[in-house]
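Student:
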Amino acid sequence: MSALLEIHGAIAVIRIDNPPVNGLGLSTRSAINEHLQESLNRQDVSAIVLTGTAKAFSGGADIKEFGTEKTFASPNLPSVLEAIENAKKPVIAAINGVCMGGGLELALACHYRIASSGCQIALPEVKLGLLPGAGGTQRLPRLLDMSTCIDMISNGSIYLSENLRQSALFDGFIDDAGSLLSSAIELANAKSSIYPIPKTSLRPVLELNHSALFEEARTVLRKKSAFLPAPINCIDVLEAATQYTFDEGIKKEREAFQTLLNGAESKALRHIFVAERAVGKIDGVNADTPTRTIKQVAVIGAGTMGAGIAMNFASAGMPVQILDADSECLARGLQRIRQNYEASVAKGRLTQEQCDRYCALIHGVQEYEEIRNADLVIEAVFEQMSVKERVFKSLDRVMKPGAILASNTSTLDLDQIARYTSRPQDVIGLHFFSPANAMELLEIVRGKSTAPEVLASCANLSKKIKKTAVVAGVCDGFIGNRMLAQYTKQASFLLEEGCTPQQVDLAMENFGFAMGPFRVSDLAGNDISWAIRKARRISKPNEIYSDLGDLLCEQGRFGQKTQAGWYDYQVGDRTAQPSTAVANMIRDYAQKNGFKQRLISDQEIVERLVFALANEGRKILKDGIAARSSDIDIVYLKGYGFPKHRGGPMFYAELVGWEYVDAAIDAFSKGHRGSTWK
Ligand code: NAD
12 MSALLEIHGA IAVIRIDNPP VNGLGLSTRS AINEHLQESL NRQDVSAIVL
62 TGTAKAFSGG ADIKEFGTEK TFASPNLPSV LEAIENAKKP VIAAINGVCM
112 GGGLELALAC HYRIASSGCQ IALPEVKLGL LPGAGGTQRL PRLLDMSTCI
162 DMISNGSIYL SENLRQSALF DGFIDDAGSL LSSAIELANA KSSIYPIPKT
212 SLRPVLELNH SALFEEARTV LRKKSAFLPA PINCIDVLEA ATQYTFDEGI
262 KKEREAFQTL LNGAESKALR HIFVAERAVG KIDGVNADTP TRTIKQVAVI
312 GAGTMGAGIA MNFASAGMPV QILDADSECL ARGLQRIRQN YEASVAKGRL
362 TQEQCDRYCA LIHGVQEYEE IRNADLVIEA VFEQMSVKER VFKSLDRVMK
412 PGAILASNTS TLDLDQIARY TSRPQDVIGL HFFSPANAME LLEIVRGKST
462 APEVLASCAN LSKKIKKTAV VAGVCDGFIG NRMLAQYTKQ ASFLLEEGCT
512 PQQVDLAMEN FGFAMGPFRV SDLAGNDISW AIRKARRISK PNEIYSDLGD
562 LLCEQGRFGQ KTQAGWYDYQ VGDRTAQPST AVANMIRDYA QKNGFKQRLI
612 SDQEIVERLV FALANEGRKI LKDGIAARSS DIDIVYLKGY GFPKHRGGPM
662 FYAELVGWEY VDAAIDAFSK GHRGSTWK
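Quick note on the working numbering: the sequence shown kicks off at 12 and runs consecutively.
1. What first and last residue would you give for the alpha helix (DSSP H) that runs through HIS656?
2. To the nearest whole angstrom, what separates the beta carbons of SER473 and GLU507, a pair I think is in contact under 8 Å?
3. Could you check whether the segment 135-148 touches the segment 186-200, counting it as contact only if at least three pairs of C-beta atoms, one from each stretch, sit closer than 8 Å?
4. What first and last residue would you give for the beta strand (DSSP E) that runs through GLY319?
5. Just to confirm the assignment, what range does the beta strand (DSSP E) spanning LEU61 have?
6. Tell me which same chain residues have a C-beta within less than 7 Å of the C-beta of CYS110, skipping the five on either side of it?
7. Identify, in the order they occur along the chain, each residue of the same chain with its Cβ nearer than 8 Å to the Cβ of THR362, setting aside the five sequence neighbours on each side.
8. Determine the contact status of MET661 and GLY628, defining contact as a CB-CB distance below 9 Å.
9. Where does GLU394 fall in DSSP's three states?
10. If contact is defined by three or more beta carbon pairs under 8 Å, each pair taking one atom from either stretch, is the segment 321-333 in contact with the segment 376-387?
11. Could you say which of SER640, ALA674, TYR671, PHE184 lies nearest to ILE283 if we only look at CA atoms?
12. Which ranges does the alpha helix (DSSP H) cover as unbroken runs of at least 4 residues, wholly within the segment 423-461, from first to last along the chain?
13. List the DSSP bridge partners of PHE184.
14. Could you check what DSSP says for ALA72 in three-state terms: helix, strand or coil?
15. As a quick exercise: from ASP533, ILE676, CYS510, pick the residue whose alpha carbon is nearest that of LEU610.
16. Looking at ASN419 and the ligand HEM, is the gap between the Cβ and the nearest heavy atom below 8 Å?
17. Which residue comes first and which comes last in the beta strand (DSSP E) that contains MET111?
18. Quick check: LYS697 and VAL481, are their CB atoms within less than 9 Å of each other?
19. According to the Cβ coordinates, are SER204 and SER57 closer than 9 Å?
20. Say the cut is 8 Å; is the CB of VAL392 nearer than that to a heavy atom of the ligand NAD?
21. Taking DSSP's pairing of strands, which residues face PRO589 in a bridge?
22. Over what stretch of residues does the beta strand (DSSP E) that includes GLY375 continue unbroken?
23. How about PRO552 and PHE529: are their beta carbons less than 9 Å apart?
24. Suppose contacts are defined by Cβ-Cβ distances below 9 Å. Is ALA286 in contact with ASP642 by that definition?
25. Given this structure, state the Cα-to-Cα distance separating LEU180 from ALA518, to the nearest angstrom.
26. If you run the structure through DSSP and keep just helix, strand and coil, what is HIS221?
27. For the alpha helix (DSSP H) that contains LEU139, what are its first and last residues?
28. If you measure from the CB of THR315, is any heavy atom of the ligand NAD nearer than 8 Å?
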């Protein structure tokens, strides 16, 4: 039973009891229904109080049943709500703690509501690409003003109960959560003889003339959620509440809910919801795995990455030492950190006091002896094995036993790095993304010998510094950059065949990326990938690349920083302007190499690039570099701007079907540079 029944005098109390948040799974819905029927049948019961155990009234749908048949199995939520609203005895919702989604819809269907302060009231379905599908959009505007309804339903905003206490939502409100039940029973006794029993559905909508408000909301949402239908649909059904009867409104709500439920966007958002919860599960690590205490951190290298990495820890209140071999680089790094924090103060994101406190937590040092007591040391020096070798040999010599030795390498073999120490079990990869203080993704690289407790400790730490960590195995580029290499390669092959950078970028932006590959490259600096290609041409001489990126860099077109890259830029303006010089460079290069030119559709551009990601992702999975397909999606969603409404490259491939993907890849492999698909 996922709900309990108690009798207090003439009042039946039904307590929803499905920890942790009293989700309305099948057994809970059945139990509420059964207890309701029993209470209605009993002669000694005159009114019913519905409440939740522990810290929640109900958090809505049960995520354990997400996507299973149980979600909509009988009794479904609308039928339970109908039974409550049509009950012949008054039902009082005693709202405690979390009251969200289906939980709030349940409370709205009750005849009276009493709440304590501190409750969280929300209809967050829109965050999963849905809208409240059990009457929420039709009942809420009968109890709350329209602006609040719009915000709660189309933005999914959470409201504290005390901020709604003056509204018609509550028939009773108490400050002290401890006396909620007794107050609810008192209210139930008082209402037990009042007939007819009030129904929310029979109330008029509070405010009817709101077309301007709806239009204003639509304008904002069209911009904010360009690729998602749900927010606008929320407005449509709210507006329907002002135009139609309750029953007609419910019909419209249900139709819109069903359409969204079957739509690709909601499927993608629900996939992400599940993926985000799965990503923290690490093979060989469980709740019993011991963890090491990490209080003091050291970073080696005060360059672009080292400085950003150090900021993460200082911002989390942890002392950090930065060691750099070059005193000027060290000073520059420390200065860059202060400038970054100062910029946040100027933007109003930090107070001056926070800025000073964080800076005071960061200390520059030049001797290894000074960092010997750090619990974790993260190396972020030049990407050369010989330099890494020197650093890790020094760390092995000085660091206290049990210290975690991490590398931020992007491409080098972590197992090789671990072999430079006498403690490979303590060596791990912590691959931050640039800018390291801002990017949410962290790839945790598990070496052959990395101890489970080192992994568990770093996974815990990632939460402290507010990163989403994905565990990857050792290979060139790990998950993210290994896939990116295929994506950017295909992007430049498209130029060889006659696309312009702007055509490729626009196709990807219409697919949902904030920026296409060439605009991204101009922003990051084309010289970075140039340096990587130079190194790979030595380590992997048979790998096929387009020479276009190299030709671009040979002309000094490094991107925004040189006002010239794949596009032209005016000083102080980041707007990408199509470049005649680049168009000529591409044309001459194609002519010289005899590449056949053709018109390429946007669909082909998207498929070439996205399937390149998914195809490499599939290999990564097969090689055991990622634990699950959804982890790969998380990497792309959190670290590479993959559009959320597409769910990630792997999910996208599953949605269109791997058969379709494979047929497309087969066709690509017969075309220009086709061997790169093998
Ligand atoms: P960088 O050139 O900006 O900084 C490297 C710093 O290391 C310099 O300040 C240098 O003085 C210092 N250094 C060099 N040898 C040293 C030694 N033996 N002891 C102490 N300090 C030493 O480089 P970066 O871009 O910050 O990259 C650092 C690492 O992070 C590389 O492994 C790189 O692959 C990786 N990484 C870079 C990015 C990025 O976008 N830049 C992203 C992820 C990972």
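Note that beta-carbon positions come from the ideal geometry of N, C-alpha and C, so glycine has one too.
Tutor: In terms of the structure at hand:
1. In the sequence shown, the residue the question calls residue 656 occupies position 645. No alpha helix (DSSP H) contains HIS656, which DSSP labels as neither H nor E.
2. What you label residue 473 is simply residue 462 of the sequence shown in a count that begins at 1. What you label residue 507 is simply residue 496 of the sequence shown in a count that begins at 1. Rounded, the Cβ-Cβ distance is 40 Å, inconsistent with contact.
3. no
4. Stepping through the sequence shown from its first residue, residue 319 is reached at position 308. That residue, GLY319, is in no beta strand (DSSP E); its alpha helix (DSSP H) goes 315-326.
5. Your numbering for residue 61 matches position 50 in the sequence shown. That run of the beta strand (DSSP E) goes 58-63.
6. Looking up residue 110 in the sequence shown gives position 99. Excluding sequence neighbours, CYS110 sits near PHE68, SER69, ALA118, CYS130, GLN131, ILE132.
7. The residue given as residue 362 occupies position 351 in the sequence shown. Hits under 8 Å: VAL356.
8. Position 650 of the sequence shown, counted from the start, is the residue given in the question as residue 661. Position 617 of the sequence shown, counted from the start, is the residue given in the question as residue 628. For MET661 and GLY628, yes; Cβs fall inside 9 Å.
9. As a position in the sequence shown, residue 394 is number 383, starting the count at 1. Here GLU394 sits in coil by DSSP.
10. yes
11. Numbered from its first residue, the sequence shown carries residue 283 at position 272. Residue SER640 is the option with its Cα nearest to ILE283.
12. 425-430
13. Position 173 of the sequence shown holds residue 184. In the DSSP output, where bridge partners are listed per residue, PHE184 has ALA126.
14. Along the sequence shown, one-based indexing puts residue 72 at 61. Reduced to three states, the DSSP call for ALA72 is coil.
15. Numbered from its first residue, the sequence shown carries residue 610 at position 599. Checked all of ASP533, ILE676, CYS510; the closest Cα to LEU610 is CYS510.
16. The ligand content of the structure shown is limited to the ligand NAD, which means the ligand HEM is not among them.
17. Numbered from 1 along the sequence shown, position 100 holds the residue referred to as residue 111. Per DSSP, MET111 belongs to the beta strand (DSSP E) from 109-111.
18. Outside the shown range of the chain (12 to 689) lies residue 697, about which nothing can therefore be said.
19. Residue mapping note: residue 204 aligns to position 193 of the sequence shown, counting from 1. Residue mapping note: residue 57 aligns to position 46 of the sequence shown, counting from 1. Contact flag set, yes.
20. One-based indexing of the sequence shown puts residue 392 at position 381. For the ligand NAD, at least one heavy atom lies less than 8 Å from the Cβ of VAL392.
21. Position 578 of the sequence shown, counted from the first residue, corresponds to residue 589. Beta-bridge pairing links PRO589 to TYR578.
22. Within the sequence shown, the letter at position 364 stands for residue 375. Element bounds for GLY375: 373-376.
23. Indexing the sequence shown from 1 puts residue 552 at position 541. Indexing the sequence shown from 1 puts residue 529 at position 518. For PRO552 and PHE529, no; Cβs fall outside 9 Å.
24. Reading the sequence shown from its first residue, position 275 is the one you call residue 286. Reading the sequence shown from its first residue, position 631 is the one you call residue 642. Yes.
25. By one-based count along the sequence shown, residue 180 stands at place 169. By one-based count along the sequence shown, residue 518 stands at place 507. Cα to Cα, the separation comes out at about 47 Å.
26. The residue given as residue 221 occupies position 210 in the sequence shown. Looking at HIS221 - three-state DSSP - the assignment turns out to be coil, as it is neither helix nor strand.
27. Walking along the sequence shown from the start, residue 139 turns up at place 128. First-last for LEU139: undefined, no H or E at that position.
28. Residue numbering aside, residue 315 sits at position 304 when the sequence shown is read from its first letter. Yes, the beta carbon of THR315 sits closer than 8 Å to at least one heavy atom of the ligand NAD.
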